[in-house]
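Q: Below are the structure tokens for one structure; questions will follow.
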Amino acid sequence: MTGPLQIVLGTISVLFLIVASVMAYRAVRAMVRIIRTGQPDGTRWGPVKTRLKTTLVESLGHTRMLKWSSIGVAHWFVFVGFYGLFLALVEAFGEVFNPEFHLPIIGNWGIWNLFADIIGTGTILGIIYLIYRRQKDHPRRQGRKSRFAGSNEGRGYFVEFIVATVGVCILLIRALKVSSDLTDAPGWSHPVSGLVAEVLPDSPDLLTVVAFVKIVVSLTWLVVISRILNMGVAWHRFSAFLNIYAKRNADGAPALGPLLPMTSGGKPIDFEDPGEDDVFGRGKIEDFTWKGMLDFTSCTECGRCQSQCPAWNTGKPLSPKMVIMDLRDHLYAKAPYLLGEKTASETAPDYDILKPSDEQVWASGYARIEGTNDAQAHRPLVGAPSRRAGSSTPTSCGAAPTAVPASSSARWTSSTSTTSTTCAATRCSSSRTSPPRPA
Ligand code: HEM
Ligand code: SF4
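Take a look at the structure:
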């Protein structure tokens, strides 16, 4: 069943896979290097068995997510679909070359097919519900009360679009296999796709095209997130597991109770006789531990913290979500400096001339890590961060700022906000007035 259509689309798919894999590898390597610049915290690894158990229970059981039950259920299907139907993506690479292709051993197995049908359908329904909830809870309807107030909605739409399209493709491929009589799986194993098959033609070529669309959409997601390391709503699919594993209490108990001892460089500070180099608290991004940096990276901008925050709920300009988002954006903007791949003295003259935008500063940050040159670094980046007031604000010298703006959420309380930042390396300051925002 392999014709010219299959050869052309199959070849494009393989080439795209190679490009996307290289980009993803470089992105993960960069992210690991950045997070490793955090202060040590040796208390997060053991006991391994307890931590593994907590990770399994909290992720597979969605024990925290289910506190907002309907969202938890919808997310569970999307979550299981992503990992559980990874093999459907592998199968699509075979199907694009040969529509008859099925996975070795399990391809025609009833249980696998039933699983794929149910979870595929669950993924579509789950993401439709999450799309609906994002719109229902949207700031345009709820203003400041919205948990999404201040979140990057565009990024949410992007991941929603990708999940929905991939889910529909999975179901269509399965249905086309039935309508084109290309499967030996028992009838009971495709209850939903069997129904869809009734309105589809007998067309192996169409199956190839749908498999191709699935591959292109999945790899486009991979390419985009590889270029946007601070896209927590996408990256949390991977980082959330490590985040749960390394939580403060190995048994998963909430991190309440007494404060932990204050540490510097991973060691408790002796307040009777502090070391000369001891750093008290967090004055700059590199004072956070690697776990703190992983926390920032994993933020989905869901606004659960914001919706519970007494300060936010009494009209004050403090949102835990926006603090985390600003810290994350700032971490990735400053990363090349933390990694020692760029110094402020090198950067200052370039930026003075170029007067970069927030986007460019960030693009520059990432490009530096990747070892690219200035010309590449200053190109604008799709979906680059920091449309929020004051986040990752370039200083007048152009180097990455060190302080988190005091009023990252001020836009929800006043019509304009001014943000001051101090440069890490040159100690110069800049201030910026953001445009009027919704009150
Ligand atoms: C243990 C791992 C995970 C945890 C703890 C977690 C947690 C969360 C949380 C708290 C949200 C915000 C939901 C809301 O209230 O609106 C979210 C959103 C989302 N998650 Fe996960 N997640 C995990 C894994 C995954 C995986 C593997 C996927 C794979 C597709 C995924 C896909 C999504 C999507 C698409 C959204 C955005 C939903 C929207 O449009 O609002 N998550 N996740
Ligand atoms: S920090 Fe707040 S907004 Fe971010 S994932 Fe956690 S609860 Fe959601």
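Here the sequence shown stands for residues 217 to 655, numbered as in this note's numbering.
In this text, a Cβ means the ideal position worked out from N, Cα and C, and glycines have one as well.
Since the structure is predicted, the reported quantities are computational estimates derived from the model, not experimental observations.
Between the C-alpha atoms of residue 521 and residue 237, what's the straight-line distance to the nearest angstrom?
A: For the purposes of this step, residue 521 is identified with residue 305 of the sequence shown, where counting begins at 1. For the purposes of this step, residue 237 is identified with residue 21 of the sequence shown, where counting begins at 1. If you take the alpha carbons of residue 521 and residue 237, they lie about 34 Å apart.
Q: So what's residue 424 in DSSP terms, helix, strand or just coil?
A: The residue you call residue 424 lines up with position 208 of the sequence shown. Three-state result, residue 424: helix.
Q: In or out: residue 471 buried (at least 16 other Cβ within 10 Å) or exposed?
A: Translated into positions along the sequence shown, residue 471 becomes position 255. Exposed, since its Cβ has fewer than 16 Cβ neighbours within 10 Å.
Q: So for residue 505, helix, strand or coil by DSSP?
A: Walking along the sequence shown from the start, residue 505 turns up at place 289. Residue state, collapsed to three classes: strand.
Q: Spatial neighbours of residue 456 within its chain, please: CB distance less than 8 Å, with the 5 preceding and 5 following residues excluded, ordered by chain position.
A: Stepping through the sequence shown from its first residue, residue 456 is reached at position 240. For residue 456, where only same-chain residues beyond five positions count, the Cβ hits under 8 Å are 275 and 514.
Q: Measuring only the C-alpha atoms, how far is residue 555 from residue 445?
A: Translated into the one-based positions of the sequence shown, residue 555 becomes position 339. Translated into the one-based positions of the sequence shown, residue 445 becomes position 229. Cα to Cα, the separation comes out at about 15 Å.
Q: Find the nearest neighbour of residue 452 within the set 225, 224, 223 and 244, judged by alpha-carbon distance.
A: Start at 1 with the first residue of the sequence shown, and residue 452 comes out as number 236. When each option's Cα is compared against that of residue 452, the closest is 244.
Q: In whole angstroms, give me the CA-to-CA distance for residue 547 and residue 477.
A: If you number the sequence shown from 1, residue 547 lands on position 331. If you number the sequence shown from 1, residue 477 lands on position 261. If I take the Cα positions, the gap works out to 24 Å.
Q: CB-CB under 6 Å to residue 226, same chain, minus the five flanking residues each way: which ones, in chain order?
A: Position 10 of the sequence shown, counted from the first residue, corresponds to residue 226. Within the same chain, residue 226 has close Cβ partners 312 and 313.
Q: Within 8 Å of any Cβ in chain D, is that where the Cβ of residue 364 sits?
A: Reference to chain D is not applicable here, since this structure consists of a single protein chain.
Q: With a Cβ-Cβ cutoff of 8 Å, do residue 423 and residue 315 count as a contact?
A: As a first step, residue 423 must be located in the sequence shown, where it is residue number 207. As a first step, residue 315 must be located in the sequence shown, where it is residue number 99. Result yes, Cβ atoms of residue 423 and residue 315 sit closer than 8 Å.
Q: For residue 484, which three-state DSSP category applies?
A: By 1-based counting over the sequence shown, the position of residue 484 is 268. The answer is strand: DSSP assigns residue 484 an E or B state.
Q: For the alpha helix (DSSP H) that contains residue 275, what are its first and last residues?
A: The residue labelled residue 275 in the question sits at position 59 within the sequence shown. Segment 264–276, the alpha helix (DSSP H) holding residue 275.
Q: Please enumerate, following chain order, all residues with a beta carbon closer than 7 Å to at least one heavy atom belonging to the ligand HEM.
A: Having a Cβ closer than 7 Å to some heavy atom of the ligand HEM are 274, 275, 280, 281, 284, 287, 291, 294, 295, 297, 298, 299, 343, 346, 347, 349, 350, 372, 375, 376, 379, 449, 452, 453, 456, 457, 460, 516, 518 and 520.
Q: The ligand SF4 and residue 537: does any heavy atom of the ligand fall closer than 7 Å to the residue's C-beta?
A: In the sequence shown, residue 537 corresponds to position 321, counting from 1. Checking the Cβ of residue 537 against the ligand SF4 gives yes.
Q: Tell me the rounded alpha-carbon separation between residue 410 and residue 394.
A: Stepping through the sequence shown from its first residue, residue 410 is reached at position 194. Stepping through the sequence shown from its first residue, residue 394 is reached at position 178. About 6 Å.
Q: Classify residue 381 as helix, strand or coil using the three-state DSSP reduction.
A: Here residue 381 corresponds to residue number 165 of the sequence shown, with the count starting at 1. Of the three classes helix, strand and coil, the one that applies to residue 381 here is helix, per DSSP.
Q: Considering only the beta carbon of each residue, do residue 342 and residue 302 sit closer than 8 Å?
A: Taking the sequence shown and counting its residues from 1, one reaches residue 342 at position 126. Taking the sequence shown and counting its residues from 1, one reaches residue 302 at position 86. No, the pair does not count as a contact, with Cβ atoms beyond the cut-off.
Q: Classify residue 255: buried if its beta carbon has 16 or more other beta carbons within 10 angstroms, exposed otherwise.
A: Within the sequence shown, numbered from 1, the residue matching residue 255 stands at position 39. The residue in question, residue 255, is buried, as its Cβ has 16 or more Cβ neighbours within 10 Å.
Q: The ligand SF4 heavy atoms versus the CB of residue 389: any closer than 7 Å?
A: In the sequence shown, counting from the first residue as 1, residue 389 sits at position 173. No, the ligand SF4 has no heavy atom inside 7 Å of this Cβ.
Q: So is the beta-carbon of residue 540 under 7 Å away from any non-hydrogen atom of the ligand SF4?
A: Locating residue 540 in the sequence shown gives position 324, where the first residue counts as 1. Checking the Cβ of residue 540 against the ligand SF4 gives yes.
Q: What does DSSP give as the partner residues of residue 530 in its beta bridges?
A: Your numbering for residue 530 matches position 314 in the sequence shown. Paired residue(s): none; residue 530 is not in a bridge.
Q: Answer yes or no: do residue 543 and residue 512 have a C-beta to C-beta separation smaller than 8 Å?
A: Taking the first residue of the sequence shown as 1, we reach residue 543 at position 327. Taking the first residue of the sequence shown as 1, we reach residue 512 at position 296. A contact, by the Cβ cut-off of 8 Å.
Q: Here's the rule: buried if 16 or more other CB atoms are within 10 angstroms of the residue's CB, otherwise exposed. What is residue 447?
A: Taking the sequence shown and counting its residues from 1, one reaches residue 447 at position 231. The residue in question, residue 447, is buried, as its Cβ has 16 or more Cβ neighbours within 10 Å.
Q: Please report the distance separating the alpha-carbon of residue 359 from that of residue 388.
A: As a first step, residue 359 is located in the sequence shown; it is residue number 143 there, counting from the start. As a first step, residue 388 is located in the sequence shown; it is residue number 172 there, counting from the start. Computed Cα separation, rounded: 39 Å.
Q: Report the option in 433, 390 and 349 whose CA atom is closest to the CA atom of residue 286.
A: Mapped onto the sequence shown, residue 286 falls at position 70. Its Cα nearest to that of residue 286, the residue 349 stands out among 433, 390 and 349.
Q: Going by the CB atoms, is the gap between residue 420 and residue 398 shorter than 8 Å?
A: By 1-based counting over the sequence shown, the position of residue 398 is 182. By 1-based counting over the sequence shown, the position of residue 420 is 204. In this structure, residue 420 lies closer than 8 Å to residue 398 by Cβ.
Q: Report the rounded CA-to-CA distance for residue 531 versus residue 432, giving the unit in angstroms.
A: Locating residue 531 in the sequence shown gives position 315, counting from the first residue. Locating residue 432 in the sequence shown gives position 216, counting from the first residue. About 45 Å.
Q: Considering only DSSP beta bridges, list what residue 479 is partnered with.
A: Sequence index remark: in the sequence shown, residue 479 carries index 263 (1-based). Bridge partners of residue 479: 484.
Q: Would you call the region 315–328 and the region 373–388 touching, i.e. three or more CB-CB distances under 8 Å?
A: no
Q: For residue 329, count neighbouring C-beta atoms within 10 Å of its own C-beta (all shown protein chains included) and say buried if the count is 16 or more, exposed if not.
A: Taking the sequence shown and counting its residues from 1, one reaches residue 329 at position 113. Buried: at least 16 other Cβ atoms inside 10 Å.
Q: Please determine whether the Cβ atom of residue 466 lies at a distance below 7 Å from any heavy atom of the ligand SAM.
A: This structure simply doesn't include the ligand SAM; it includes the ligand HEM and the ligand SF4 instead.
Q: In the DSSP assignment, what are the bridge partners of residue 522?
A: As a first step, residue 522 is located in the sequence shown; it is residue number 306 there, counting from the start. Residue 522 pairs with nothing; no bridge assigned.
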